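One structure below.
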Amino acid sequence: MVKSKKDLNNTILIAIIFGVIAGGITSFAISEFKAEPTEEELIKEFYDVENAVHISPHGLRKHMGEDPDVVLVDLRSQEEYEEEHITGAINIPAYKDRDHSDYGAVDRIVGEFKRINTQNTNTEFIVYCYSSPCMTGRKVGKILTENDIYVKHLGIGWNEWRYFWTLWNHPHEWEITNVEDYISVGPEPGEIKKDLTGTGCPIEGGLGC
Numbered sequence: 032m033v034k035s036k037k038d039l040n041n042t043i044l045i046a047i048i049f050g051v052i053a054g055g056i057t058s059f060a061i062s063e064f065k066a067e068p069t070e071e072e073l074i075k076e077f078y079d080v081e082n083a084v085h086i087s088p089h090g091l092r093k094h095m096g097e098d099p100d101v102v103l104v105d106l107r108s109q110e111e112y113e114e115e116h117i118t119g120a121i122n123i124p125a126y127k128d129r130d131h132s133d134y135g136a137v138d139r140i141v142g143e144f145k146r147i148n149t150q151n152t153n154t155e156f157i158v159y160c161y162s163s164p165c166m167t168g169r170k171v172g173k174i175l176t177e178n179d180i181y182v183k184h185l186g187i188g189w190n191e192w193r194y195f196w197t198l199w200n201h202p203h204e205w206e207i208t209n210v211e212d213y214i215s216v217g218p219e220p221g222e223i224k225k226d227l228t229g230t231g232c233p234i235e236g237g238l239g240c
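Per our numbering, the very first residue in the sequence shown carries number 32; after that it's consecutive.
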């Protein structure tokens with residue numbers, strides 16, 4: 032009777048061991064041989080990400096000053112920000128000065144975003160840096176996601192906003208808009224003129240600006 036019980040225990044133990052091994056092999060096989068995403072799936076993912084992250088400068092210009100939950104953040108150095116910046120933007124610099132980055136100041140940068148987010152949990156951050164190809168916004172955005180803060184990215188940078196107004200605005204707007212009306216100087220964000228609020232791109236709907 033004792034021997035039979037011992038044999039039963041051994042059988043159960045062997046079954047458990049084989050079960051664990053089989054499960055491990057199955058998991059490995061699934062992970063190794065999981066079908067690669069199709070080209071169509073990759074394209075869909077790309078556009079999902081683009082639409083989730085990027086903000087149209089037209090859309091931003093049209094709605095400037097309307098929603099207090101939207102916080103535009105200039106990531107350039109403080110000295111550059113104070114020289115000129117997009118009206119309404121605050122400054123959380125990722126640069127010590129115009130020639131030196133400050134990416135190492137992770138605690139400071141993250142802390143600034145967290146402080147604002149704590150004051151208003153509905154905050155929608157939109158960041159911008161020097162130009163469209165500039166990686167600063169992307170690098171800061173990655174750092175912030177690692178700290179559970181998620182920001183969107185303006186589709187253009189400061190250079191395009193300030194010096195290439197006709198590059199991203201519609202031709203019929205070139206003569207009736209002035210970039211100077213959307214630029215502020217000094218340490219404060221500045222406020223958009225009330226008569227300019229809502230005067231951006233008139234195209235509405237899902238395919239609007």
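Cβ atoms here follow ideal geometry from the backbone N, Cα and C, with glycine treated the same way. Computed from a predicted model, the values in this text were never measured in an experiment.
Under the DSSP definition of a beta bridge, which residues are partnered with D128?
-> H131
Within its chain, find whatever has a CB closer than 6 Å to the CB of H94; leave out the 5 residues flanking it on each side and keep chain order.
-> none
Look at the alpha carbon of H203 and the alpha carbon of I214, and state the distance between them as a whole number of angstroms.
-> 21 Å
Looking only at C-alpha atoms, which of E81, I174, N148, P218 sits nearest to A120?
-> P218
Mind pulling the beta strand (DSSP E) runs of 3 or more residues that sit fully within the stretch 158 to 195?
-> 183 to 185
Please go through the same chain and pick out, in chain order, the residues whose beta-carbon is closer than 7 Å to the beta-carbon of T228, but skip the five residues on each side of it.
-> M95, G96, E97
For R107 versus P124, is the C-beta distance shorter than 8 Å?
-> yes
Could you spell out where the alpha helix (DSSP H) holding D138 opens and where it closes?
-> 137 to 150
Check the C-beta distance from G172 over to C160 and give it rounded, since I have them as a contact under 8 Å.
-> Going by Cβ atoms, the distance from G172 to C160 rounds to 10 Å, so no, they are not a contact pair.
Which residue from P220, T154, E222, W192 puts its Cα closest to that of I208?
-> Reading off the sequence shown, one finds Thr at residue 208, where the question assumed Ile. Cα-wise, what sits closest to T208 is W192.
Could you please give me the residues that DSSP links to H116 through a beta bridge?
-> S215
Cβ-Cβ distance between R129 and E110 below 8 Å = yes
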